[in-house]
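Data block below; observations after.
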Amino acid sequence: MSTLPHEKALRHQVRVLSVLLSRVLKNQLEPDVYSAIESLRNGFVRLRRQNDPVLRQQLIRSISRLEPEKLAQVVRASHIYFNLVNSAEEVWQLGLRRREAERGGHLWQGSFHDTLKGLHEQGVTREELQYLLDNLCYHPVLTAHPTEAKRRSIKEALRRIFVSLEQLDDVRIQGVYRDEIIARLQLQIQLLWKTDEVRAQRLDVRDEISNGLYYFPVSLFGAVIQVYRYLEATVTEIYGCDRTEDNAALFRIPSFIRFGSWIGGDRDGNPFVKPETTALAVRMQARTVAVEYMGRLERLRDQLTFSTGMCEPSEAFWSSLHRDEALAVAVFGHRIGLYKMEPYRRKLAIMRYRMKAHLAKVEAGIEGGWAGNEDHAYADAGSFLTDLRVVYDSLCAHDDQAIAHTDLLDLIRLVETFGFHLMPLDIRQESSHHCAAVAEIIRTALDIDYAAQDEPGKLALLSEAIVNISALTYRQDQLSAATQETLRVFEVMTQMRRELGADCFGRYVISMTHSASNVMEVLFLAALSGLIGQLAGRRFCHIGVTPLFETIQDLEQVEPVLVSLLDLPIYRDLLAVSPGVQEVMLGYSDSCKDGGILASVWSLYEAQKKIIAITSSRGLRCRLFHGRGGTVGRGGGPTHEAILAQPPGTVQGQIKFTEQGETVFYKYNNMETAVYELTMGATGLMKASLNLIRPVESERRDYLGIMDEIARIGELRFRRLTEQESGFLDYFYEATPLAEIGLLNIGSRPSHRKKQDRSKASVRAIAWVFAWAQSRQTLPAWFGIGTALETWRGKDPARLAKLQSMYRDWPFFRTLLSKTQMALAKSDMDIAKGYAGLCHDDEVATRIYGLIDAEYRSTVQQILNVANTKSLLDDAPQLAWSLQSRNPYLDPLNYVQISLLHRLRALPEEESHSSRWMNSLLRTINAIAAGMRNTG
Numbered sequence: 001m002s003t004l005p006h007e008k009a010l011r012h013q014v015r016v017l018s019v020l021l022s023r024v025l026k027n028q029l030e031p032d033v034y035s036a037i038e039s040l041r042n043g044f045v046r047l048r049r050q051n052d053p054v055l056r057q058q059l060i061r062s063i064s065r066l067e068p069e070k071l072a073q074v075v076r077a078s079h080i081y082f083n084l085v086n087s088a089e090e091v092w093q094l095g096l097r098r099r100e101a102e103r104g105g106h107l108w109q110g111s112f113h114d115t116l117k118g119l120h121e122q123g124v125t126r127e128e129l130q131y132l133l134d135n136l137c138y139h140p141v142l143t144a145h146p147t148e149a150k151r152r153s154i155k156e157a158l159r160r161i162f163v164s165l166e167q168l169d170d171v172r173i174q175g176v177y178r179d180e181i182i183a184r185l186q187l188q189i190q191l192l193w194k195t196d197e198v199r200a201q202r203l204d205v206r207d208e209i210s211n212g213l214y215y216f217p218v219s220l221f222g223a224v225i226q227v228y229r230y231l232e233a234t235v236t237e238i239y240g241c242d243r244t245e246d247n248a249a250l251f252r253i254p255s256f257i258r259f260g261s262w263i264g265g266d267r268d269g270n271p272f273v274k275p276e277t278t279a280l281a282v283r284m285q286a287r288t289v290a291v292e293y294m295g296r297l298e299r300l301r302d303q304l305t306f307s308t309g310m311c312e313p314s315e316a317f318w319s320s321l322h323r324d325e326a327l328a329v330a331v332f333g334h335r336i337g338l339y340k341m342e343p344y345r346r347k348l349a350i351m352r353y354r355m356k357a358h359l360a361k362v363e364a365g366i367e368g369g370w371a372g373n374e375d376h377a378y379a380d381a382g383s384f385l386t387d388l389r390v391v392y393d394s395l396c397a398h399d400d401q402a403i404a405h406t407d408l409l410d411l412i413r414l415v416e417t418f419g420f421h422l423m424p425l426d427i428r429q430e431s432s433h434h435c436a437a438v439a440e441i442i443r444t445a446l447d448i449d450y451a452a453q454d455e456p457g458k459l460a461l462l463s464e465a466i467v468n469i470s471a472l473t474y475r476q477d478q479l480s481a482a483t484q485e486t487l488r489v490f491e492v493m494t495q496m497r498r499e500l501g502a503d504c505f506g507r508y509v510i511s512m513t514h515s516a517s518n519v520m521e522v523l524f525l526a527a528l529s530g531l532i533g534q535l536a537g538r539r540f541c542h543i544g545v546t547p548l549f550e551t552i553q554d555l556e557q558v559e560p561v562l563v564s565l566l567d568l569p570i571y572r573d574l575l576a577v578s579p580g581v582q583e584v585m586l587g588y589s590d591s592c593k594d595g596g597i598l599a600s601v602w603s604l605y606e607a608q609k610k611i612i613a614i615t616s617s618r619g620l621r622c623r624l625f626h627g628r629g630g631t632v633g634r635g636g637g638p639t640h641e642a643i644l645a646q647p648p649g650t651v652q653g654q655i656k657f658t659e660q661g662e663t664v665f666y667k668y669n670n671m672e673t674a675v676y677e678l679t680m681g682a683t684g685l686m687k688a689s690l691n692l693i694r695p696v697e698s699e700r701r702d703y704l705g706i707m708d709e710i711a712r713i714g715e716l717r718f719r720r721l722t723e724q725e726s727g728f729l730d731y732f733y734e735a736t737p738l739a740e741i742g743l744l745n746i747g748s749r750p751s752h753r754k755k756q757d758r759s760k761a762s763v764r765a766i767a768w769v770f771a772w773a774q775s776r777q778t779l780p781a782w783f784g785i786g787t788a789l790e791t792w793r794g795k796d797p798a799r800l801a802k803l804q805s806m807y808r809d810w811p812f813f814r815t816l817l818s819k820t821q822m823a824l825a826k827s828d829m830d831i832a833k834g835y836a837g838l839c840h841d842d843e844v845a846t847r848i849y850g851l852i853d854a855e856y857r858s859t860v861q862q863i864l865n866v867a868n869t870k871s872l873l874d875d876a877p878q879l880a881w882s883l884q885s886r887n888p889y890l891d892p893l894n895y896v897q898i899s900l901l902h903r904l905r906a907l908p909e910e911e912s913h914s915s916r917w918m919n920s921l922l923r924t925i926n927a928i929a930a931g932m933r934n935t936g
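Going by this note's numbering, the residue at position 779 of the sequence shown is 779; the numbering climbs one at a time, nothing skipped.
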């Protein structure tokens, strides 16, 4: 593969890092360990150039001869190499974008400049653009679903390395200054080598909450500010900076970015998320954002040193400051006259005092103490925002808009985005829990067998009960512990809304929604806790419920379930007074595990169209919530392309999606990358939402029909393997490190719903995808596609041409096959054969591996034919090179893992867990995950 000129810088950077890592290893390791690392790397490089079975066996034998401690060092060396390469690629991408910006033009594809220039050229007017901006909501949701949870010390070490590499990428730095950076970089690599990446203890939910919050002060607060700055500057540049008659800005850039969280609220399958955990999560979020506001208020107080003799603040400002003087003694003490001639500083000092009182109140809630001076605290984010805007407007009134438009406007943006709650916490629970709780309560209060009712009977009973909730009498202590805990979740929601405001909770997500009654059950439980009711003759509803459709069957039942729900009078009444819009969540992971990648993506595509048609016909706005993971098999891939690949007319200005696993680290550990990711997501949302201001183009019926057939064939092939092929589940459990993944201390959630249930249904979708990726098979991302394409096209050249035109012209189809190419490029059937050798039954291993290998080869060939290319990722050479450059380090890790699995599985279970070899095995899982980047 030829090297593009701009890629030479990346390859040079990787070589520099390899040399520095080699120096560190040579200084830190015993000579025989260092020699083993070099020998394995060189040997597997040779194997990649030309397959040599004899050399392969020699390398495998050398791995098996290494002692546990030495083997662990070999694994760690590869893991650190992958982390360094990932950092180098991130810096290289940043450098590319900067160089494009320096050259002018459209900046990078997907930037605000590129996007808005394109809209302007399409004839989008100022008024249309304003309408589009006013209706945007970009809503990533952080979850704790683990696939590669880095320790905070590792994240911080990698952040420092990123900064050094960024400096090294600056061509202006030469000579001794460059030597200093390289020396510092070597020390940072040495420190990384001396920092253990494996957790000594399993994460608990509080740790997961802290990990999610880590990214906000490190990158996300700053990134959000930069995104708004860049968007505002670009709108001004392309659409002009005219002002209206009253001197207001022509364009208003609304704060449309909203973060959400599931961490501490997602109790589906996680017994460790208790009601108290949910309260803790909300309070920890509130503390994080209050600390940020405190620091920014302090900086503003020191900056806005305007003297009364030099400017005249507005009347509204003086009135506001006069009201604040009631707190002067508490704020200034014996220095009561401080900042008397500097009114903005005085105002900001009082604002900081009130914010400090609010922070103390939040911390008291976390620690269970008393804050003191609670009556001095800001009551809510709205009152704080009002004070900030008074200062902003006053500065503008004496012609200091430029100053108001810097740090002060940044803080206003943050408060508009994060409020006092940081991000709304979604609650999630599986539908059967609510059904059981409702059945018990209705039996206890009314002596009615709820479970025996048919669906219309359940809906009628729940509708009447919600309206007459006070008529139900029962004692909570008569209920089971499980039902009492379910009710406590709603009680916590009620309590936290009073304590921290209405925005601290987002939606109540019901996983495994099978019927309209599943939604009404949650509303019934909410009514029992006072979240729903009637006051002064008017209904209120302080909870938004989101049904989650996950399996193929549930996705196919979206239409009857939603129609039944939305046509229920009491539900429509509550929806009219509830927060936000109708939200529907779509599950990528379980649908893919259920019916395979083709059935999953096509069922999701069709379900979205049905949902929007149903809600639109009833005059309702709808937001689709996409439950995406990091990998292709779980809906992963670049956010910009993923948004554009949604069915036309379904985005409607709003999109919400989960950010899971290692994806959060790769997107948000560095502010510069976070700015890029948020920008690309926002511009994808703008482009996909043009249906708000332009007619929607009709879809090609022939393409839709072809996808129906292809998806049906692919699903049959996938189910035949995973549900009908004897021995398949034995192969999965034995030819992947699934059981060992469960021993990693990377999350609080069990890897199985039922530990002893060895079935496809029991294993969680994350573990399912993670295990296949570790064994270099990545089966969930591609299995069935080859058979589907080959069967549909047959020997007909016209049908192949039709598939090729679909690939060229249809973003959905192109995105699907492009992501599949990436997954196929990460697979390696030679290495997978080594994992097959772990199976107890040789016949099962040979047969199942043969089926997987044959489908892999078919899928590669069929996709190359459709894409009309000679090799995978021909249209993404940098990605292809990145994957190929990792293989000499990934390959030995896989063989190390295979060797360790053989060794440890030969021991009794209790001995294997305490074996000296287990530590090395767990390190291989982390290292392979880092090398493959998106694994779960």
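By construction, the Cβ of each residue, glycine as well, lies at the ideal position given by its N, Cα and C atoms.
(request) In angstroms with no decimal places, state the Cα-to-Cα distance between Arg299 and Leu408. (result) 10 Å
(message) Which complete alpha helix (DSSP H) runs does the stretch 446-533 hold, if anything under 4 residues is left out?
(response) 455-467, 481-500 and 516-528
(message) Would Leu678 and Ile655 qualify as a contact pair, given that the criterion is a beta-carbon distance under 8 Å?
(response) no
(request) Taking the CB atoms as reference points, tell me whether Thr787 and Ser858 lie closer together than 8 Å. (result) Their beta carbons are under 8 Å apart, which means Thr787 touches Ser858 by this criterion.
(message) Taking the alpha carbon of Leu459 as the reference point, which residue from Gly95, Met520 and Gly222 has its own alpha carbon closest?
(response) Met520
(message) My assumption, with CB atoms under 8 Å, is that Asp266 sits in contact with Ala144. Please give the rounded CB distance.
(response) 7 Å
(request) Verify the CB distance criterion: does Arg700 have a CB-CB separation below 8 Å to chain B? (result) Here chain B cannot be found, since the structure has a single protein chain.
(request) Go through its chain and collect everything with a Cβ distance to Asp594's Cβ below 7 Å, but skip five positions before and after it. (result) Thr551 and Ile552
(message) On the criterion of 16 or more Cβ atoms from any shown chain inside 10 Å, does Val937 qualify as buried, or is it exposed?
(response) Because the chain in this structure spans residues 1 to 936, residue 937 falls outside the shown range and cannot be described.
(message) Taking 7 Å as the limit between beta carbons, can you name the residues of its chain near Ala248, skipping five residues before and five after?
(response) Annotation note: pLDDT 49 at Ala248 (below 50); position unreliable, coordinate value reported separately. Correct list: empty, nothing qualifies.
(request) State the Cα-Cα distance for the pair Asp828 and Gln777, rounded to the nearest angstrom. (result) 6 Å
(request) Round the Cβ separation of Ser261 and Met423 to the nearest angstrom and send it over; I've been treating them as touching at under 8 Å. (result) 5 Å
(message) The beta strand (DSSP E) that contains Tyr138, what's its start and end?
(response) Per DSSP, Tyr138 belongs to the beta strand (DSSP E) from Cys137 to Leu142.
(request) Alpha carbon to alpha carbon, how far is Gly506 from Thr846? Give it in angstroms, no decimals. (result) Going from the Cα of Thr846 to the Cα of Gly506 covers about 49 Å.
(request) Would you give the residue range spanned by the beta strand (DSSP E) that His334 belongs to? (result) No beta strand (DSSP E) contains His334, which DSSP labels as neither H nor E.
(request) For the beta strand (DSSP E) holding Glu659, just list the boundary residues, first then last. (result) Gln654 to Glu659
(message) Between the alpha carbons of Glu89 and Asp170, how many angstroms are there, rounded?
(response) 15 Å
(request) Give the DSSP-derived three-state secondary structure of Pro547 in the structure shown. (result) strand
(request) For Leu435, write down the residues that DSSP places opposite it in a beta bridge. (result) Per the sequence shown, the amino acid found at residue 435 is Cys instead of Leu. None; Cys435 has no bridge partner.
(request) Could you name the residues that DSSP lists as bridge partners for Gly627? (result) The bridge partners DSSP lists for Gly627 are Gly587.
(message) Which of the three DSSP states is assigned to Val33 in this structure?
(response) helix
(request) With DSSP collapsed to three states, give me the class of Phe812. (result) helix
(request) Taking Gly627 and Leu598 to be in contact with their CB atoms under 8 Å, please state how far apart those CB atoms are, rounded to whole angstroms. (result) For a cut-off of 8 Å, the C-beta gap from Gly627 to Leu598 is around 18 Å, too long to register as a contact.
(message) Using 8 Å for Cβ pairs, my map puts Glu725 next to Ile848. What's the rounded Cβ distance?
(response) 7 Å
(request) Go through its chain and collect everything with a Cβ distance to Arg923's Cβ below 8 Å, but skip five positions before and after it. (result) Ala72, Val75, Arg76, His79, Glu197 and Val198
(message) Would Arg287 and Val362 qualify as a contact pair, given that the criterion is a beta-carbon distance under 8 Å?
(response) Yes, Cβ-Cβ distance for Arg287 and Val362 is below 8 Å.
(message) Please classify Gly537 as buried or exposed, where buried requires at least 16 other C-beta atoms within 10 Å of its C-beta.
(response) exposed
(request) Look at the Cβ atom of Ala516, then the Cβ atom of Leu565, and state whether they are nearer than 8 Å. (result) yes
(request) Count the other CB atoms, across all protein chains shown, that sit within 10 Å of the CB of Glu606; report buried if there are 16 or more and exposed otherwise. (result) buried
(request) May I have the straight-line CA-CA distance separating Val14 from Asn86, to the nearest angstrom? (result) 10 Å
(message) Quick check on the burial criterion: 16 or more other C-beta atoms within 10 angstroms. Buried or exposed for Arg701?
(response) exposed
(request) Starting from the C-beta of Gly544, find all residues in its chain whose C-beta is less than 6 Å away, skip the five residues before and the five after it, and write them out in chain order. (result) Closer than 6 Å at Cβ, skipping near neighbours: Arg507, Ser578, Pro579 and Gly580.
(request) Quick one: give me the first and last residue of the alpha helix (DSSP H) that Asp426 is part of. (result) Element bounds for Asp426: not the alpha helix (DSSP H) but the beta strand (DSSP E), Leu425 to Glu430.
(message) Please classify Pro547 as buried or exposed, where buried requires at least 16 neighbouring CB atoms within 10 angstroms.
(response) buried
(message) Here's the rule: buried if 16 or more other CB atoms are within 10 angstroms of the residue's CB, otherwise exposed. What is Ile863?
(response) buried
(message) I need the straight-line Cα distance from Arg310 to His421, nearest angstrom please.
(response) It should be noted that the sequence gives Met, not Arg, for residue 310. So the two alpha carbons sit approximately 38 Å from each other.
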